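Data block below; observations after.
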Amino acid sequence: MWVFSDESRNSLRMRFVDAQGQTLQPTSDPLTWKGRRWIEFKISDPKGAGHWCGPNDGVIRWPVRLDCPLLVDSPKRKTSGTVHFAGTAWVY
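In structure tokens, the structure reads:
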């Protein structure tokens with residue numbers, strides 16, 4: 013998807029749930045650029061993604077359902093900024 017960033021250093025995350033109820037949450041690189049950039053979340057390879065519930069082992073059991081398409085998160089600090097996104101595409 014296209015993301016417009018204002019260098020806020022926040023992180024973008026998406027969240028999905030697999031067939032056994034495990035929640036997985038991959039994270040993009042921090043928003044360190046100014047302007048637009050194309051980013052992708054590769055859910056087929058969730059190494060490093062947070063995970064909880066269900067088996068809680070980080071292994072995806074298909075099919076999956078989208079829980080949260082885009083989540084803006086910050087590393088335990090007060091933050092502000094503007095993020096725009098467009099052109100969301102789901103490829104599998």
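Here our numbering = 1-based position in the sequence shown + 12. Note that the Cβ used here is the ideal one computed from N, Cα and C, for glycine as well. Only a predicted model underlies this, so the values are computations on that prediction, with no experimental measurement involved.
- request: Take Val29 and list the residues in its own chain whose beta-carbon comes closer than 7 Å to its own, dropping the five residues that flank it on each side.
  value: Thr35, Val76, Arg77 and Asp79
query = Helix or strand or just coil, what does DSSP make of Cys65?
reply = Coil at Cys65, not helix or strand.
Q) Taking the C-alpha atoms as reference points, what is the distance between Thr39 and Glu52? A) 10 Å
Nonlocal neighbours in the same chain, by C-beta distance under 8 Å from Lys60, ignoring five residues either side
The question names Lys, but residue 60 in the sequence shown is Gly. Closer than 8 Å at Cβ, skipping near neighbours: Pro38 and Thr39.
Checklist entry - Thinking just about the alpha-carbon of each residue, which of Gly93, Trp14, Gly33 and Ala98 is nearest to the one in Ile72? => result Gly33
| field | Closer than 7 Å: Val103 CB and nearest the ligand NAD heavy atom | value | In terms of ligand content, the structure shown is empty, and the ligand NAD therefore cannot be addressed.
For Met13, I'd like the list of residues in its chain whose CB is within less than 6 Å of its CB, leaving aside the five on either flank, ordered along the chain. Spatial neighbours of Met13 in its own chain (CB-CB distance under 6 Å, excluding positions within 5 residues in sequence) are listed in chain order as Phe97, Gly99 and Thr100.
query = Are the CB atoms of Arg27 and Leu83 nearer to each other than 8 Å?
reply = Yes. Within cutoff.
TODO: Grab me the residues of Ala31's own chain with a C-beta within less than 8 Å of its C-beta, minus the 5 sequence neighbours each way, in chain order.
DONE: Arg73, Trp74, Pro75 and Val76
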